[in-house]
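K.L.:
All residue numbers for the sequence shown refer to my numbering, where the first residue is 14 and numbers rise by one. Even for Gly, the Cβ is constructed at its ideal location relative to N, Cα and C. If you're wondering where the values come from, they're calculated on a predicted model, not measured in any experiment. Structure below; questions to follow.
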Amino acid sequence: MTRILLVEDDRWVAQVNRDLVVAGGHDVIGVAGTVQEGVSLAAHLQPDLILLDMYLPDGRGLDLLLALRAAGQVTDVVMLTAADDLQTVRQALSLGVVDYVIKPFEGARLLDAITRASGRQRFPGQAITQHRLDRLLGLPGAVLPKGIEEGMLRRVRQVLDAQAGTPLSAEEVGSAIGVSRVTAWRYLEYLLECGQVELDFSYGAPGRPAKLYRAARPAPGTAP
14 MTRILLVEDD RWVAQVNRDL VVAGGHDVIG VAGTVQEGVS LAAHLQPDLI
64 LLDMYLPDGR GLDLLLALRA AGQVTDVVML TAADDLQTVR QALSLGVVDY
114 VIKPFEGARL LDAITRASGR QRFPGQAITQ HRLDRLLGLP GAVLPKGIEE
164 GMLRRVRQVL DAQAGTPLSA EEVGSAIGVS RVTAWRYLEY LLECGQVELD
214 FSYGAPGRPA KLYRAARPAP GTAP
């Protein structure tokens, strides 16, 4: 489950976005309406991800981002804004924004942005394979393999995120999303290869232990 700070000055928009994020299986740990409040809450709450509007009463979202970076805080940021001029987009990307979502947007687009940002935090340990790195950077070589669809992949991740670390079997995941155990297993194994899930084993019955899967915990040094 991704811990998210939402920075949005319009209360109605903030509530709509909050409901969408929570329905997607994530946790909104704070809502800020100004640059100053956002900087303060980010330092205090140490979120995994910040969803940041551009136009705020006391400045721009980029001002908040600059303040965070100056303080050494490297929390991932996704922009949610109506600012669609190329210069602003370039400025945001140059400051390390991991995604840029232009209002109005589809809910699925926002959840995709959160999923991708969460994946950046879930590479355990210090070593990383080229495949994992390609997925992290969004390179062409990271195209999903045959038989793996992005929509289904997102649903599997949402099921695991909703369990808050409780491991599930492929059969349980398949039942939750309405697919066979074999299909769920294929997606779970792909997420395991990408470093986004971790394995547990159940030794309750004689014979080979059963595989259980849970959403990968943040690597050491990241926010809990």
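Give me the Cα-Cα distance between Ser215 and Glu184, rounded to the nearest whole angstrom.
P.N.:
Using only the alpha carbons, I get a separation of about 13 Å.
K.L.:
Taking the alpha helix (DSSP H) that Asp40 falls in, what are its first and last residues?
P.N.:
Careful: Asp40 lies outside any alpha helix (DSSP H), inside the beta strand (DSSP E) at Asp40 to Ala45.
K.L.:
Please identify the residue among Ala83, His57, Glu50 and Leu81 whose C-alpha is closest to the C-alpha of Leu69.
P.N.:
Answer by Cα proximity: Glu50.
K.L.:
Rounded to the nearest angstrom, what separates Val44 and Pro222 at their Cα positions?
P.N.:
C-alpha separation (whole angstroms): 44 Å.
K.L.:
Would you kindly check if the distance between the Cβ of Ile17 and the Cβ of Val29 is under 8 Å?
P.N.:
Not a contact, by the Cβ cut-off of 8 Å.
K.L.:
Give every residue of the same chain whose Cβ lies closer than 7 Å to the Cβ of Gln139, excluding the five residues on either side of it in the sequence, and list them in chain order.
P.N.:
Residue placement at Gln139 cannot be trusted, given a pLDDT of 49 that sits under 50; the coordinates are not used to answer.
K.L.:
What's the gap between the Cα of Leu79 and the Cα of Val48?
P.N.:
Taking the straight line joining both Cα atoms gives about 11 Å.
K.L.:
Could you work out which residue in Asp89, Val169 and Ile115 is closest to Thr4 when comparing CA atoms only?
P.N.:
Because the chain is modelled from 14 through 237, residue 4 falls outside the range shown and cannot be assessed.
K.L.:
In the DSSP assignment, what are the bridge partners of Met92?
P.N.:
Leu65 and Tyr113.
K.L.:
Mapping the DSSP letters down to three states, classify Ser182 as helix, strand or coil.
P.N.:
Reduced to three states, the DSSP call for Ser182 is coil.
K.L.:
Could you tell me how far apart the beta carbons of Asp85 and Val20 are, in whole angstroms, since I believe they sit closer than 8 Å?
P.N.:
The residue you asked about is not Asp; residue 85 is Gly in the sequence shown. Going by Cβ atoms, the distance from Gly85 to Val20 rounds to 19 Å, so no, they are not a contact pair.
K.L.:
Assuming Ile242 and Thr88 make a contact with CB atoms under 8 Å, what is their CB distance in whole Å?
P.N.:
The structure shown does not extend to residue 242, since the chain spans only 14 to 237, so no value can be given for it.
K.L.:
Keeping to the same chain, check which residues put their C-beta closer than 8 Å to that of Asp125; ignore five residues upstream and five downstream.
P.N.:
Glu163 and Arg167.
K.L.:
Can you give the Cα-Cα distance for Ser188 and Arg194, rounded to whole angstroms?
P.N.:
In a straight line, the C-alpha of Ser188 is about 8 Å away from that of Arg194.
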